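Participant: One structure follows; several queries about it will come next.
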């Protein structure tokens, strides 16, 4: 009888070892993580119409007008040499000047830049040295000026393209 | 067309507009962003003068000729600016029956800015051309007034208000 009890105890112990062995089983998964280059830029909308309606007798340069009502946002993870360029869909006629000024906290603003003759093949830098991260709600300023000798200009739409590039 | 077909067509158009709007929104944020800037320059005409009042005093005479010596002043400068086509500058006096004689000449007109007319005599209130062919630019000229009086006009004082206007020709 005593032998039978010992045998049961041994059997129970071995079952326990088997159970312990199953509890330590592992399974592996390989998770691949990738972050692609991200360039994102957006604007808050279109600026108001820039209408020149004043000038001074004896001065060819008319009184310029400005708009600072719109903003832009950027997000990029590419590097610290990213920049924003600007260009028009077509150049302005001689005697009219459209300038742009983008504020920036993550990069260096180029200040007020003449984009009158900047087209897709000749975009100009407006912000340079942009660090990785996001820059939100930065002001876009436009200034429109004209010479009296250039004459009047009927209401004309120009598309300004801001490009985030390396 | 049956009402059901019209309804289906309208729904399809609405769906198309929605899809296009979504595509546009998706396009608004990317490597590039676009803004439409509306530019306009209105027609502007401005004219100004640096000397709003002056006095011409005839105080000498030529005894041999029996005439007074005219008094002249060319200190005034007229400035103008226009970006419109076919402009001219006119001048008019408010003195309908002048006792003495006042003449006006534009001198040293900015090259290519306009063509001065010969000396004007203000003997009524009629508006006269002063500079014609005013081009789209800014310009200036000296205003030369000459006052004279025949001896028989006697002594006295009279005032003229001269108005310069830039206008369509």
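Chains as they are written, first to last, in my numbering: chain A, 2 to 167; chain B, 47 to 215.
For each residue, glycine too, the CB sits at the ideal point set by N, CA and C.
These numbers come from a predicted model, not from an experiment.
Please state if the CB of residue 181 (chain B) and the CB of residue 133 (chain B) are separated by a distance shorter than 9 Å.
Facilitator: Yes; because the gap between Cβ atoms is below 9 Å, this pair is in contact.
Participant: Is the shortest distance between the beta-carbon of residue 161 (chain B) and the beta-carbons of chain A less than 9 Å?
Facilitator: No, residue 161 (chain B) lies away from the interface with chain A (no Cβ there is under 9 Å from its Cβ).
Participant: Given this structure, state the Cα-to-Cα distance separating residue 167 (chain A) from residue 42 (chain A), to the nearest angstrom.
Facilitator: Their backbone Cα atoms lie some 13 Å apart in a straight line.
Participant: Name, please, each residue of chain B whose Cβ falls closer than 8 Å to the Cβ of residue 61 (chain A).
Facilitator: Here the neighbours are 127, 183 and 184.
Participant: According to the neighbour-count rule (16 or more other Cβ atoms, all chains shown, within 10 Å of its Cβ), is residue 48 (chain A) buried or exposed?
Facilitator: Its Cβ being crowded by 16 or more others within 10 Å, residue 48 (chain A) is buried.
Participant: Under three-state DSSP, which class holds residue 112 (chain B)?
Facilitator: Three-state result, residue 112 (chain B): coil.
Participant: Between the C-alpha atoms of residue 188 (chain B) and residue 194 (chain B), what's the straight-line distance to the nearest angstrom?
Facilitator: Rounded to whole angstroms, residue 188 (chain B) to residue 194 (chain B) spans 19 Å at the Cα level.
Participant: Can you round the beta-carbon distance between residue 124 (chain A) and residue 86 (chain A) to whole angstroms, since I take them to be within the 8 Å contact cut?
Facilitator: Right, the Cβ-Cβ distance comes to about 4 Å (below 8 Å), so this counts as a contact.
Participant: Under three-state DSSP, which class holds residue 1 (chain A)?
Facilitator: Coverage of chain A is limited to positions 2 through 167, which leaves residue 1 (chain A) absent and any answer about it impossible.
Participant: Report yes if the C-beta distance between residue 103 (chain A) and residue 145 (chain A) is below 9 Å; otherwise report no.
Facilitator: No, the Cβ-Cβ distance between residue 103 (chain A) and residue 145 (chain A) is not below 9 Å.
Participant: Check the Cβ-Cβ distances between residue 154 (chain A) and every residue of chain B, and say whether any is below 9 Å.
Facilitator: For residue 154 (chain A), the answer is yes, since a Cβ of chain B falls inside 9 Å of its Cβ.
Participant: DSSP on residue 274 (chain B), reduced to helix/strand/coil?
Facilitator: An answer regarding residue 274 (chain B) cannot be provided, because it is not within the stretch 47 to 215 covered by chain B.
Participant: Taking all protein chains shown into account, decide if residue 136 (chain A) is buried (16 or more other Cβ within 10 angstroms of its Cβ) or exposed.
Facilitator: Residue 136 (chain A) comes out buried.
Participant: Relative to the C-alpha of residue 226 (chain A), which candidate in A:77, A:82, A:130 and A:93 has its C-alpha closest?
Facilitator: Chain A is shown only over 2 to 167; residue 226 (chain A) falls outside these bounds and no answer can be derived.
Participant: Counting only beta-carbon separations shorter than 9 Å, does residue 131 (chain B) have a partner in chain A?
Facilitator: At least one chain A Cβ lies under 9 Å of residue 131 (chain B).
Participant: What's the call for residue 139 (chain B), buried or exposed, on a 16-neighbour Cβ count within 10 Å?
Facilitator: Residue 139 (chain B) comes out buried.
Participant: Assign residue 209 (chain B) to one of two classes, buried (16 or more other C-beta atoms within 10 Å of its C-beta) or exposed (fewer than that).
Facilitator: Residue 209 (chain B) is exposed by the Cβ-count criterion.
Participant: For residue 172 (chain B), name the three-state secondary structure that DSSP assigns.
Facilitator: Correct three-state label for residue 172 (chain B): coil.
Participant: One question on the structure: do residue 190 (chain B) and residue 118 (chain B) come within less than 9 Å of each other, judged by their Cβ atoms?
Facilitator: Cβ distance < 9 Å, so residue 190 (chain B) and residue 118 (chain B) count as in contact.
Participant: So residue 86 (chain B) packs on residue 157 (chain A), CB below 8 Å; how close in whole Å?
Facilitator: Confirmed, about 7 Å.
Participant: I want to verify the contact list: residues of chain A whose CB lies under 9 Å from the CB of residue 94 (chain B), in sequence order.
Facilitator: By Cβ distance, chain A contributes 57, 58 and 59.
Participant: Just how far apart, CA to CA, sit residue 26 (chain A) and residue 32 (chain A)?
Facilitator: C-alpha separation (whole angstroms): 20 Å.
Participant: Quick one: measure Cβ to Cβ for residue 130 (chain B) and residue 197 (chain B), integer angstroms, because I've assumed they're closer than 8 Å.
Facilitator: That pair is no contact at about 47 Å.
Participant: Against chain A, which members of the segment 104-117 of chain B pass a CB distance test of less than 7 Å?
Facilitator: Listed in sequence order: no entries.
Participant: Report the rounded CA-to-CA distance for residue 113 (chain A) versus residue 65 (chain A), giving the unit in angstroms.
Facilitator: Each residue's alpha carbon lies about 14 Å from the other.
Participant: At 4 residues or longer, what runs of the alpha helix (DSSP H) sit wholly inside the segment 104-136 of chain A?
Facilitator: Listed in chain order, there is nothing to give.
Participant: Can residue 110 (chain A) and residue 83 (chain A) be called in contact, C-beta distance under 9 Å?
Facilitator: No, Cβ-Cβ distance for residue 110 (chain A) and residue 83 (chain A) is not below 9 Å.
Participant: Among A:133, A:117 and A:45, which has the Cα closest to the Cα of residue 88 (chain A)?
Facilitator: Nearest of A:133, A:117 and A:45 to residue 88 (chain A), Cα basis: A:117.
Participant: 9 Å is my cut-off, CB to CB: does residue 102 (chain A) come that close to chain B?
Facilitator: Residue 102 (chain A) does not count as touching chain B.
Participant: Which residue comes first and which comes last in the beta strand (DSSP E) that contains residue 212 (chain B)?
Facilitator: Run containing residue 212 (chain B): 208-214, per the beta strand (DSSP E) assignment.
Participant: Select from the segment 101-131 of chain A all residues with a C-beta closer than 7 Å to any C-beta belonging to chain B, and list them in chain order.
Facilitator: If the cut-off is 7 Å between Cβ atoms, the segment 101-131 of chain A has nothing near chain B.
Participant: Ignoring anything shorter than 3 residues or poking outside the segment 43-76 of chain A, list the beta strand (DSSP E) runs there in chain order.
Facilitator: Taking only runs of at least 3 residues, the beta strand (DSSP E) segments lying wholly in the segment 43-76 of chain A are 51-53.
Participant: Report yes or no: is there a C-beta of chain B within less than 9 Å of the C-beta of residue 138 (chain A)?
Facilitator: Not one chain B Cβ lies under 9 Å of residue 138 (chain A).
Participant: Since residue 134 (chain B) is in the beta strand (DSSP E), which residue starts that stretch and which ends it?
Facilitator: That run of the beta strand (DSSP E) goes 133-139.
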